[in-house]
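What follows is a set of notes on a single structure, which appears directly below.
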Amino acid sequence: VKHHSPQPGLNPVLVETPPRPLPKGLDPPLHSLFSGPHGQAHWSDDYPDCGGQAQSPIDIQTKSVQHDPALPPIEPQGYRGPEDGAFTLLNNGHTVAMSLPPSMILRGLPQTYAAVQLHFHWGSRGQAGGSEHQVNGEAFPAELHIVHYNSESYANVSEAKQQTDGLAVLGILIEVGDVANPAYDNILNRLKNIQYAGQKVSIPPFDVHELLPGQLGHYFRYNGSLTTPPCSQNVLWTVFRQRARISASQVLAGVWAGSENSLPVPLVDNYRAPQLLNQRLVFSSFPVGECIGPRRPGWGVAAGPGEGRTGPPLAFKREKTGCSLRHNDPSL
Ligand SMILES: [Zn+2]
Numbered sequence: 009v010k011h012h013s014p015q016p017g018l019n020p021v022l023v024e025t026p027p028r029p030l031p032k033g034l035d036p037p038l039h040s041l042f043s044g045p046h047g048q049a050h051w052s053d054d055y056p057d058c059g060g061q062a063q064s065p066i067d068i069q070t071k072s073v074q075h076d077p078a079l080p081p082i083e084p085q086g087y088r089g090p091e092d093g094a095f096t097l098l099n100n101g102h103t104v105a106m107s108l109p110p111s112m113i114l115r116g117l118p119q120t121y122a123a124v125q126l127h128f129h130w131g132s133r134g135q136a137g138g139s140e141h142q143v144n145g146e147a148f149p150a151e152l153h154i155v156h157y158n159s160e161s162y163a164n165v166s167e168a169k170q171q172t173d174g175l176a177v178l179g180i181l182i183e184v185g186d187v188a189n190p191a192y193d194n195i196l197n198r199l200k201n202i203q204y205a206g207q208k209v210s211i212p213p214f215d216v217h218e219l220l221p222g223q224l225g226h227y228f229r230y231n232g233s234l235t236t237p238p239c240s241q242n243v244l245w246t247v248f249r250q251r252a253r254i255s256a257s258q259v260l261a262g263v264w265a266g267s268e269n270s271l272p273v274p275l276v277d278n279y280r281a282p283q284l285l286n287q288r289l290v291f292s293s294f295p296v297g298e299c300i301g302p303r304r305p306g307w308g309v310a311a312g313p314g315e316g317r318t319g320p321p322l323a324f325k326r327e328k329t330g331c332s333l334r335h336n337d338p339s340l
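All residue numbers for the sequence shown refer to this note's numbering, where the first residue is 9 and numbers rise by one.
Shown next, in the form of structure tokens:
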């Protein structure tokens with residue numbers, strides 16, 4: 009069955025949140041964390057760091073990114089089916105978050121970091137945007153954050169989050185295509201069990217590594233902050249260049265921002281706008297815009313039958329210089 013093609017530029021991730029009857033005794037009206045009188049423009053009233061000079065997310069302008077060839081690939085360890093028990097997925101009213109065991113370790117960063125939790129940011133149906141990070145002004149339908157603390161220097165996340173080198177977050181931009189992504193189904197299939205804020209559900213261990221893009225050596229790196237209050241400026245950010253892809257039927261929807269007893273406000277648009285880069289530099293582990301595919305001698309020259317051509321015909325169509333794949337290749 010062919011999916012109905014989403015309208016270009018608009019967020020196809022979200023289906024309508026199902027209607028439900030108004031509860032009888034209503035809880036007090038909800039304050040959205042992201043918009044309105046207590047929204048992101050007002051966070052710095054109560055949390056001064058939110059008005060700081062090194063905030064996240066940012067719009068990554070690739071023309072200003074500095075290539076650092078010394079940046080190694082990210083090496084997740086223990087991501088493939090943690091042994092210590094199940095995961096817990098929680099609707100906290102602002103996002104859906106899944107706790108992660110500290111046996112999940114990140115290497116390839118300046119220090120060793122242990123996993124804490126992962127969560128999502130997303131948009132709303134028919135609207136552009138949803139991701140927190142942007143690339144050259146382009147937002148994506150959703151973004152996954154996997155939060156880690158510096159376990160080499162600090163005993164636990166409570167201690168680490170007070171420190172300037174305390175946290176590291178992996179950011180994975182999420183696109184929508186035609187093919188379902190089974191790894192993301194491990195989480196998205198459970199949303200129906202946590203429709204209301206405060207609800208949680210247990211998820212059997214699965215291969216968290218599969219949520220990551222295939223190419224862990226290609227990423228953007230900068231120093232930033234938590235993207236929700238208290239906006240602490242102690243996060244080493246890694247935003248992968250390659251995007252994860254889920255299908256339009258895999259939805260981040262059907263969850264409410266409030267409890268069963270409050271007005272039914274859908275949990276949507278839980279992303280912060282890009283913040284000023286100020287004096288910061290964004291580094292890339294890969295040369296932006298340059299060849300990442302194999303350069304093969306002989307490619308790119310017109311080769312007829314009998315001239316010893318070995319590459320597939322597609323390679324000739326794609327590139328005349330011998331580069332089979334470029335970083336800015338839109339097919340990635
Ligand atoms: Zn986040």
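A virtual CB, placed ideally from N, CA and C, is assigned to each residue, including glycine.
Nothing here was measured: the structure is a model prediction, and the numbers come from that model.
Checklist entry - When the distance is taken between beta carbons, is residue 96 closer than 8 Å to residue 160? => result In terms of Cβ geometry, residue 160 and residue 96 do not form a close pair [threshold 8 Å].
Item to check | Nearest neighbour of residue 132, chosen from 176, 274, 49, 215 [CA to CA] | outcome: It is 274 whose Cα lies nearest to the Cα of residue 132.
Next on the checklist: Applying the 10 Å Cβ sphere with the 16-neighbour rule, what's the burial state of residue 50?
Outcome noted: Under this definition residue 50 is an exposed residue.
Checklist entry - In chain order, what residues of the same chain have a beta carbon less than 6 Å from the beta carbon of residue 251, not counting five sequence neighbours either side? => result For residue 251, where only same-chain residues beyond five positions count, the Cβ hits under 6 Å are 181, 183.
Next on the checklist: Taking 8 Å as the threshold (C-beta atoms), are residue 136 and residue 147 in contact?
Outcome noted: It is a contact, given that the beta carbons lie within the stated cut-off.
Checklist entry - Listed in chain order, which residues are found with a beta carbon closer than 6 Å to a heavy atom of ligand 1? => result With 6 Å as the limit between CB and the heavy atoms of ligand 1, the residues that fall short of it are 127, 129, 153, 235.
Checklist entry - So, is residue 310 buried or exposed, given that buried needs 16 or more other C-beta atoms within 10 angstroms? => result Model confidence at residue 310 stands at a pLDDT of 34, short of 50, so the residue's coordinates are unreliable; what they give is reported in the following sentence. Burial call: exposed.
Checklist entry - Near residue 114, what residues of its chain come up, given a Cβ to Cβ distance below 8 Å and the 5 sequence neighbours on each side ignored? => result Closer than 8 Å at Cβ, skipping near neighbours: 82, 83, 84, 85, 120, 121, 122, 123, 156, 176, 178.
Item to check | residue 309, DSSP secondary structure in three states | outcome: Its pLDDT being 33, under 50, residue 309 is placed unreliably by the model, and the measurement read from it follows with that caveat. In the three-state DSSP reduction, residue 309 falls in the coil class, being neither helix nor strand.
Next on the checklist: Taking only three categories from DSSP, how would you classify residue 57?
Outcome noted: When DSSP states are grouped into helix, strand and coil, residue 57 belongs to the helix group.
Next on the checklist: Is it buried or exposed, residue 101, if we count other Cβ atoms within 10 angstroms and call 16 or more buried?
Outcome noted: Buried is the label assigned to residue 101, since at least 16 other Cβ atoms lie within 10 Å of its Cβ.
Checklist entry - Quick one, which of 69, 222, 188, 128 has its alpha-carbon nearest residue 278's? => result For residue 278, the nearest C-alpha among the options comes from 128.
Item to check | Own chain partners of residue 99 with C-beta closer than 6 Å, once the 5 adjacent residues on each side are dropped | outcome: Annotation for residue 99: 202, 205, 207, 263 place their beta carbon closer than 6 Å to its own, counting only its chain and skipping 5 residues before and after.
Item to check | Three-way DSSP call (helix, strand, coil) for residue 186 in this model | outcome: Reduced to three states, the DSSP call for residue 186 is coil.
Item to check | Sequence ranges, beta strand (DSSP E) only - wholly within the region 218 to 244, length at least 3 | outcome: Those beta strand (DSSP E) runs which fall completely within the region 218 to 244 and span 3+ residues are 227 to 232.
Checklist entry - alpha helix (DSSP H) containing residue 167: first to last residue? => result Residues 165 to 168.
Checklist entry - What three-state label does DSSP hand residue 180 in the structure shown? => result Looking at residue 180 - three-state DSSP - the assignment turns out to be strand.
Next on the checklist: Once DSSP output is grouped into helix, strand and coil, what is the label at residue 48?
Outcome noted: In the structure shown, the three-state DSSP call for residue 48 is helix.
Checklist entry - How many whole angstroms separate the CB atoms of residue 227 and residue 293, which I take to be in contact at a CB cut-off of 8 Å? => result With a Cβ gap of about 5 Å, residue 227 and residue 293 count as contacting.
Item to check | Nearest-angstrom Cα separation, counted from residue 225 out to residue 76 | outcome: If you draw a straight line from the Cα of residue 76 to the Cα of residue 225, it comes to about 12 Å.
Checklist entry - Three-state secondary structure (DSSP) at residue 157? => result Looking at residue 157 - three-state DSSP - the assignment turns out to be strand.
Checklist entry - How would you call residue 56, buried or exposed, if buried means at least 16 neighbouring beta carbons within 10 angstroms? => result Exposed: under 16 other Cβ atoms inside 10 Å.
Next on the checklist: Run through the DSSP bridge pairs and tell me what residue 151 is partnered with.
Outcome noted: In DSSP, residue 151 forms a bridge with 129, 181.
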